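The block underneath contains the structure these notes are about, expressed in structure tokens.
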């Protein structure tokens, strides 16, 4: 898709993959953080990781297995929480541990069987080994996420404000939540081969956390977060190719550094400091 | 029998996963334009009653009718007629919405899918803001307002919806006395326009200057349901709760 800009095929594929994944995750990150469902996103990401590990072990389609693993978490959550009569947060903790255990178990087994090189891609990602179809898939999901947010913006914003108030206002919160979880599951499953199961969460939270430092409204965050995520990932990809460094881990480190700088220079903190200073002077 | 706008017949409600019903055997009929005050001790089931009327809880037994139709069968349609000011809210400084955005959200359910709010919706927002006297807060972030101001915003949010029935759970809890009286006057004016008001409250220092229906609940049951003059409300609730 971007061959007219980047003649080198390998660099082009990596850039496209990182860009599409970052834009999609950047938008979903705003929804995940603002709806305060970070632990759901976290557990779904590890559900995808476990699914992919099982899929790879049994020679199945890894992306499909990751989608199944991720969706399974989303749909297990409600009934499990009801049956166990425990807070959702505790159930998420248990599921997260279980998914991590499954993933590590199959990873370790594959290492024992001499499949370690392939399996490590699940953990740390391998943007260079992507097929063209996978990049098209990512572009499609990214577009789907953008369309979803534009079309259902008023429903989404109501749910972010307050779930119960949205429900009473006449918003169909339950189906909207299922669609959102399905979107997260697809995005997570397709992003995992690029950035890896362990780093995926960086893309699902950090862009929104950075955007929040500079934006006061949801609309601005929705625009800023994917722009930030895309920019950091592009810079990470460029630096990684220039200095022969691993792309996803380098980008993840860049995300953390940018977040740190954002917190320091955030106008929100500056306002708080000025107010505090004014009080002290009095 | 008059045409009740809210009718609960032998209703038993429970929370998902709870072993026992919270309210049981509830019979209540409220006429259009009535002002209802629900009182009673903590844990009596007052909030559960409001949530049941709003169709937020599963009804184990009996039926809840709004405008003659079952709320659980026509939830989305009937909720367009309902306003509900919730009791527990905590909008922190991170909430990324202005007061105006919060109020326009009340209109979203009426619009349905794929439609954007228009002039009529923004006019309803303007009216609600002026009614509550918070037009100057329009562009403020809700999370940066005081508890009382947030409470007013939530009441205005519900007024912007132009509901036929307004349910309010402890609407005076964060308000000072002067504001309580102002809000109470606003609610009375709305009731005079034909809107049915059902309030759960412990605060009886601001009451409408008209007869109200007092409903007292105890251990999940209605123990008193009668029309009472405003000056007798506090005493009626206290005596019934203690008996």
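Chains as they are written, first to last, in my numbering: chain U, 92 to 373; chain H, 34 to 276.
For each residue, glycine too, the CB sits at the ideal point set by N, CA and C.
All of these numbers come straight from a predicted model, not from anything done at the bench.
Residue ranges of each beta strand (DSSP E) within the segment 302-344 of chain U, 3 or longer: If we require 3 residues or more, the segment 302-344 of chain U turns out to have no beta strand (DSSP E) run fully inside it.
Those residues which DSSP pairs with residue 62 (chain H) across a bridge: DSSP, once it has assigned bridges, lists H:40 as partnering residue 62 (chain H).
8 Å Cβ cutoff met for residue 93 (chain H) and residue 104 (chain H): With a cutoff of 8 Å on beta-carbon distance, residue 93 (chain H) and residue 104 (chain H) are scored as not near each other.
Same chain, Cβ closer than 8 Å to residue 100 (chain U), five either side skipped, listed in chain order: Non-local C-beta neighbours of residue 100 (chain U) in its own chain, meaning closer than 8 Å and more than five positions away in sequence, comprise 94, ordered along the chain.
Span of the alpha helix (DSSP H) around residue 163 (chain H): Start and end: 152-165.
C-alpha gap between residue 275 (chain U) and residue 240 (chain U), whole angstroms: So the alpha carbons of these two residues sit roughly 13 Å apart.
Outcome for residue 125 (chain U) when other beta-carbon atoms lying within 10 angstroms are tallied against a minimum of 16: It counts as buried.
Within chain H, partners of residue 242 (chain U) - CB distance below 9 Å: Ordered by position in chain H, the residues that pass the 9 Å Cβ test against residue 242 (chain U) are 146 and 147.
Simplified DSSP assignment, three categories, for residue 216 (chain U): Judged by DSSP in its simplified three-state form, residue 216 (chain U) adopts coil rather than helix or strand.
Per DSSP, the bridge partner or partners of residue 250 (chain H): Per the DSSP secondary-structure output, residue 250 (chain H) pairs in a beta bridge with H:255.
Beta-carbon neighbours of residue 309 (chain U), restricted to chain H and to distances below 9 Å: The contacting residues are 129, 130 and 134.
Within-8 Å CB hit, residue 125 (chain U) to chain H: So, interface residue.
Touching by the beta-carbon criterion (3+ pairs, under 8 Å), the segment 251-260 of chain U and the segment 191-211 of chain U: No: fewer than three Cβ pairs fall under 8 Å.
Residue 100 (chain H) versus residue 39 (chain H) - alpha carbon distance: The alpha-carbon of residue 100 (chain H) is positioned some 6 Å away from that of residue 39 (chain H).
Neighbour list for residue 174 (chain H) in chain U, Cβ cutoff strictly below 9 Å: The answer, in chain order, is 307 and 308.
Cα-Cα separation between residue 152 (chain H) and residue 144 (chain H), rounded to whole angstroms: Straight-line Cα distance between these residues: approximately 12 Å.
Test item: CB-CB of residue 68 (chain H) and residue 241 (chain H) under 8 Å: For residue 68 (chain H) and residue 241 (chain H), yes; Cβs fall inside 8 Å.
For residue 206 (chain H), the three-state DSSP class (helix, strand or coil): The answer is coil: DSSP assigns residue 206 (chain H) none of H, G, I, E or B.
Contact list for residue 156 (chain H) against chain U, beta-carbon separation under 9 Å: Chain U residues near residue 156 (chain H): none, gap ~18 Å exceeds 9 Å.
Interfacial residues, the segment 65-80 of chain H to chain U, with Cβ spacing under 8 Å: The residues in question: there are none.
Residue 129 (chain U) - partner residues in DSSP beta bridges: Per DSSP, none; premise fails for residue 129 (chain U).
Boundaries (first-last residue) of the alpha helix (DSSP H) holding residue 258 (chain U): That run of the alpha helix (DSSP H) goes 254-259.
Whole-angstrom C-beta distance between residue 340 (chain U) and residue 117 (chain U), which should lie under 8 Å: Between residue 340 (chain U) and residue 117 (chain U) the Cβ distance is about 19 Å, and since that is not below 8 Å, they are no contact.
Partners in chain H for residue 312 (chain U), counting only beta-carbon separations shorter than 8 Å: Chain H residues near residue 312 (chain U): 129.
Presumed contact (8 Å Cβ cut-off) between residue 70 (chain H) and residue 234 (chain H), rounded CB distance: Yes, residue 70 (chain H) and residue 234 (chain H) are in contact; Cβ-Cβ is about 6 Å, under 8 Å.
Check whether residue 194 (chain H) and residue 140 (chain H) have beta carbons under 8 Å apart: Contact check for residue 194 (chain H) against residue 140 (chain H) passes: the beta carbons are separated by less than 8 Å.
Of the listed residues U:273, U:320 and U:127, nearest to residue 294 (chain U) (C-alpha basis): Taking only the C-alpha atoms, the option nearest residue 294 (chain U) is U:320.
Separation of residue 124 (chain H) from residue 186 (chain U), as counted between CA atoms: Approximately 29 Å between the Cα atoms of the pair.
Buried/exposed call for residue 191 (chain H), threshold 16 Cβ in 10 Å: Residue 191 (chain H) comes out buried.
Proximity below 8 Å, CB of residue 56 (chain H) to CB of residue 46 (chain H): Contact flag set, yes.
Spatial neighbours of residue 139 (chain U) in its chain, beta-carbon cut-off 8 Å, leaving aside the 5 residues before and after: A distance below 8 Å between beta-carbons, with the five flanking residues on each side excluded, links residue 139 (chain U) to the following residues of its chain, in chain order: 157, 158, 160, 161, 276, 279, 280, 283, 288 and 291.
Own chain residues within Cβ distance below 7 Å of residue 78 (chain H), not counting five before or after: Excluding residues within five positions, the ones whose Cβ falls inside 7 Å are 55, 56, 250 and 253.
Inter-residue spacing [alpha-carbon to alpha-carbon] between residue 356 (chain U) and residue 349 (chain U): Rounded to whole angstroms, residue 356 (chain U) and residue 349 (chain U) show a C-alpha spacing of 10 Å.
One or two residues paired with residue 103 (chain H) in a DSSP bridge: Partner(s): H:98.
C-alpha distance - residue 257 (chain H) paired with residue 121 (chain H), whole-angstrom precision: The alpha-carbon atoms of residue 257 (chain H) and residue 121 (chain H) are separated by roughly 26 Å.
Contacts that residue 117 (chain H) makes with chain U (C-beta to C-beta distance below 7 Å): Within 7 Å Cβ-Cβ: 259.
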